[in-house]
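>
Number of protein chains: 2
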Amino acid sequence: MPIAQSLVLDNEKEKLVKTSEKKSGISEVKKMMALKKHSESEKRRRERINDHLITLRGLVPSNEKMDKAMLLAEVISQVKQLQKNAAQSSEGLNIPLEFDEVKVEKLEGYAGNGSSSFRASLCCDYRPDLFSELRRALDDLPVHLVKAETSTLGGRTKNVFVFTSSGEGKNENTEARELISSVRGALSNIVNKASASAKHTQELYFPRKRQRVSYFDSSSSSS
Amino acid sequence: MPIAQSLVLDNEKEKLVKTSEKKSGISEVKKMMALKKHSESEKRRRERINDHLITLRGLVPSNEKMDKAMLLAEVISQVKQLQKNAAQSSEGLNIPLEFDEVKVEKLEGYAGNGSSSFRASLCCDYRPDLFSELRRALDDLPVHLVKAETSTLGGRTKNVFVFTSSGEGKNENTEARELISSVRGALSNIVNKASASAKHTQELYFPRKRQRVSYFDSSSSSS
DNA sequence: CGTCACACGTGAGGC
DNA sequence: TGCCTCACGTGTGAC
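Protein chains in written order, with the UniProt record's numbering: chain C, 1 to 223; chain R, 1 to 223.
1. So which residues on chain R does C/His52 lean against when the C-beta distance must stay under 7 angstroms?
2. Mapping the DSSP letters down to three states, classify C/Arg184 as helix, strand or coil.
3. I need the DSSP call for R/Asp125, collapsed to helix, strand or coil.
4. Let me know the alpha helix (DSSP H) ranges lying completely inside the UniProt domain "BHLH" (33-82) of chain R, each 4 residues or longer, listed in chain order.
5. How many Å lie between C/Lys36 and R/Lys31 at the Cα?
6. If I follow the unbroken alpha helix (DSSP H) through C/Glu133, where does it start and stop?
7. I want to verify the contact list: residues of chain C whose CB lies under 9 angstroms from the CB of R/Val79, in sequence order.
8. Identify whether C/Glu101 lies in helix, strand or coil by the three-state DSSP scheme.
9. Beta strand (DSSP E) containing C/Glu116: first to last residue?
10. Excluding sequence positions up to five away, which residues of its chain have a Cβ less than 6 angstroms from the Cβ of C/Val160?
11. With a cut-off of 8 angstroms, does the C-beta of C/Gly109 fall near any C-beta of chain R?
12. In the DSSP assignment, find the unbroken beta strand (DSSP E) run with R/Ser166 in it and report its ends.
13. Can a CB atom of chain R be found closer than 8 angstroms to the CB of C/Lys147?
14. Take the Cβ of C/His52 as the centre, count every other Cβ of all protein chains shown within 10 Å, and call the residue buried at 16 or more, exposed below.
15. With 7 angstroms as the C-beta to C-beta threshold (strictly closer), list the residues of the region 160-194 of chain R near chain C in chain order.
16. Hey, does C/Arg156 have any beta-carbon neighbour from chain R nearer than 8 angstroms?
17. Pull up the distance between the alpha-carbon of C/Lys80 and that of R/Glu105, whole angstroms please.
18. Please identify the residue among R/Gly155, R/Ser151, R/Asp140, R/Arg46 whose C-alpha is closest to the C-alpha of R/Leu179.
19. If I'm right that C/Val143 touches C/Ser165 with Cβ under 8 angstroms, what's the distance once you round it to whole angstroms?
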């Protein structure tokens, strides 16, 4: 179709110059209006997208000077990171596992003063005397408890302790190793005692939907 | 600059016709190559951006059928939500406050199925019967407990529950409001009872260093 | 000069 | 058909 050269776009605003002769008139102007609508609506679309990108720029820590692709990459890593954290704090870390576990480890962060801090966790079936046993065990150890946290779900319980060594020094690493192993031993005893007396092994895990959750007691039938 | 009309774009592929006279030949070819480079580079840029958008599509819960703008909106709310959660769980959430507090709120994130989820927290002095009272109170309420978490520090305790409505619907918002207020009422009762019987107000807050921490019992002398 | 990132207008294809 | 979204090539301005 040799309509080429028939249209020249002026640099003036929306001026349409027709150099050919035949079939002039209405259809052309209609096309133009359609095109105009189209380009305006496309502009709106771009605006919408870019507004969202601007908003996102405000949400990521790193400041202005990033192009679109970098921004999106940042957002991606941000989301991944946050999701991981959320998953950790709501699944991995705080929701009791379905198998028994004792973990003791040194925390790399500072403890404030010189002494290092530790994190111990144990996961087992819940039983009423668990907490008093734990307290007794921890009182007997040369540790300084900083934080205790327990979560209970579906008859299982997970307990996390953060503590520092009581500070009666000798070599730091030696002390840390001894402390870790004694804490681990104490907690393991408790967990093993628990599983020895475990007869109420009902609902060790739950089918992920509509599970009935009892708070601090797996046997009471509740409401 | 009257270079206008000097260039006419043919509808043929990449044919550039110069209607003026001088300087024909090589420079035109160069221009063409430059244009080609340009468009290829633009294509790469678009690819980078779109790849990131694809990745993001995989990270948001809601599935495929969203256009770019909606996707970005989703990402924005997702990021905001996760940031809020992260802030909550890393700051205020886990360390018991030094003043009593009851908070119940609707969580904005999805609960998976239709029903919304809620977060209730209360902070008060620890006392031995606290947990059984809490359990009784929660059993009496039409809630479906998803997660329970308690932390204890310096004779104070903070308890956080995440739950969904039991789903016996009516209007969602109405139900949510009623649920929130009844949960708040129940928890407030417990906290107030606690502070009423509070005589052992020793060490309500601690000087941040070398505090003595008791696990689940602020009054017993331990060991 | 090249190169980069952005906005624009336009064609294609889906409802 | 009209309106939408998307990809493309190009114009432009900043280093």
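Where a beta carbon is used, it is the ideal one built from N, C-alpha and C, also for glycine.
Concretely, from the data shown:
1. Ala69, Leu72, Ala73, Ile76
2. helix
3. strand
4. none
5. 30 angstroms
6. 130-140
7. Leu56, Leu59, Val60, Val75, Gln78, Val79, Leu82
8. C/Glu101 falls in the strand class under three-state DSSP.
9. In the sequence as presented, Glu is not what sits at residue 116 of chain C; that position holds Ser. Run containing C/Ser116: none; DSSP gives neither H nor E here.
10. Ser121, Glu149
11. The predicted position of C/Gly109 is uncertain, since its pLDDT is 48 and thus under 50; a value taken from the coordinates is nonetheless stated next. Contacts with chain R at 8 angstroms (Cβ-Cβ) do not include C/Gly109.
12. Careful: R/Ser166 lies outside any beta strand (DSSP E) and carries neither H nor E.
13. Yes - at least one Cβ of chain R is within 8 angstroms of the one on C/Lys147.
14. buried
15. none
16. No, because no Cβ of chain R sits closer than 8 angstroms to the Cβ of C/Arg156.
17. 26 angstroms
18. That would be R/Asp140, whose Cα lies nearest to the Cα of R/Leu179.
19. Right, their Cβ atoms sit about 6 angstroms apart.
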